[in-house]
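To start, the structure under review is shown below, and the notes come after it.
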Ligand SMILES: NC(=O)c1ccc[n+]([C@@H]2O[C@H](COP(=O)([O-])OP(=O)(O)OC[C@H]3O[C@@H](n4cnc5c(N)ncnc54)[C@H](OP(=O)(O)O)[C@@H]3O)[C@@H](O)[C@H]2O)c1
């Protein structure tokens with residue numbers, strides 16, 4: 001079944017896959033956003049800190065779609081220490097739109113210890129009608145618990161890092177969000193292909209891809225979807241964008257998901273061991289230098 005939408009806890013429906021504009025240079029961000037919409041994406045994910053909201057807005061207008069045909073998310077990233085409301089108004093102006101579908105706290109760090117106060121500002125924006133839905137990003141279970149203690153409105157989503165090499169650490173968060181009816185949006189699910197190539201996840205992904213006759217990036221996005229996430233991804237290439245959308249028709253078996261999880265957990269453990277070893281070698285080297293200095297003093 002092609003990608004459809006996910007019902008959020010405020011009753012609104014979000015398209016289940018979104019095109020992100022992180023790292024897209026300003027000179028091509030308009031064209032790439034327009035390309036994604038023309039291929040079939042109807043959900044754009046940007047942020048104050050990506051510094052390409054103006055260009056993304058241009059791409060949206062150039063697509064010729066009506067405002068209500070698109071879901072537009074941006075994030076308060078605390079750029080230049082600008083307060084929430086001012087940042088929201090500036091993002092609307094840059095994107096050239098009257099309202100946002102979704103506005104996110106980009107990271108709990110930005111709240112500087114005052115999650116409750118920051119969330120209250122978000123609630124005001126929703127009441128004012130500047131944003132239709134409000135949510136968070138990169139929140140841990142503890143951050144969500146803090147927010148929920150004083151919130152009048154629940155965040156509809158938590159946009160989080162979601163790839164096989166972090167599945168072990170993210171599973172309790174996914175479970176908590178499921179209990180609280182806060183939808184996960186997963187980003188950077190293609191990390192095994194973009195920055196952690198050669199790890200244990202490659203093998204099951206290649207095998208599943210071969211069996212289903214699909215590309216590795218499609219297997220990884222199907223995995224993210226199998227985790228219950230709204231998929232947030234990106235590509236500069238039309239062929240890849242088309243393949244991403246085709247993931248809606250790919251269903252992984254429980255065994256497929258488990259094989260990828262298992263390989264991801266192994267990769268996570270290997271990485272931890274490597275970090276510990278590097279730390280150990282550093283300490284040993286420091287110890288050696290200390291002993292040498294002591295020997296020279298005596
Ligand atoms: N909330 C947050 O803190 C946060 C953080 C990070 C990201 N995000 C959001 O999530 C979006 C996606 O993030 P991401 O870029 O990290 O996502 P991603 O989906 O993991 O990676 C997308 C990249 O994968 C590349 N790619 C696709 N297939 C590939 C293959 N077979 N081999 C090698 N490379 C391949 C694409 O390159 P090509 O262009 O060459 O196709 C593209 O640049 C962002 O734009 C942003 O909206 C949010």
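Residue numbers (UniProt numbering): 1 to 298. No residue lacks a Cβ here, since even glycine has one placed at the ideal position from N, Cα and C. Predicted model, so just to flag it, every value in this text is computed and none were measured.
Taken through DSSP and simplified to helix, strand or coil, residue 184 comes out as strand. Beta-bridge pairing by DSSP links residue 158 to 136 and 184. Every alpha helix (DSSP H) stretch that sits fully inside the region 161-234 and reaches 4 residues is listed by chain position as 167-180, 191-194, 202-212 and 216-226. Shortest gap from the CB of residue 208 to any heavy atom of ligand 1: 8 Å or more. Each residue's CA atom was taken as its position, placing residue 167 and residue 276 some 20 Å apart. Here DSSP, grouped into helix, strand and coil, assigns residue 119 to helix.
Residue 42 is not a Cβ neighbour of residue 8, given a cutoff of 9 Å.
Distances from the CA of residue 165 to each of 156, 149, 202 and 151 were compared; the closest alpha carbon is that of 202.
Scanning its chain for C-beta atoms nearer than 6 Å, with the 5 sequence neighbours on each side dropped, one finds around residue 15 the residues 5, 42, 43 and 71, in chain order. Proximity of the beta carbon of residue 193 to ligand 1 is indicated: a heavy atom of the ligand is located closer than 8 Å.
Annotation for residue 146: the continuous alpha helix (DSSP H) segment containing it runs 141-150.
Relative to the non-hydrogen atoms of ligand 1, the Cβ of residue 103 never comes closer than 8 Å to any of them.
Approximately 14 Å separates the beta-carbon atoms of residue 252 and residue 206; this is outside 8 Å, ruling out the contact.
Short note on residue 232: C-beta closer than 8 Å to some heavy atom of ligand 1. Ranked by Cα distance from residue 208, the first of 200, 99, 198 and 219 is 219. The beta carbon of residue 257 sits closer than 7 Å to those of 223 and 226, all from its chain and outside the five residues before and after it, given in chain order.
By the beta-carbon neighbour count (other beta carbons within 10 angstroms, threshold 16), residue 263 is buried.
Rounded to whole angstroms, residue 279 and residue 285 show a C-alpha spacing of 10 Å.
Partner residues in the beta bridge of residue 5, as assigned by DSSP, are 15.
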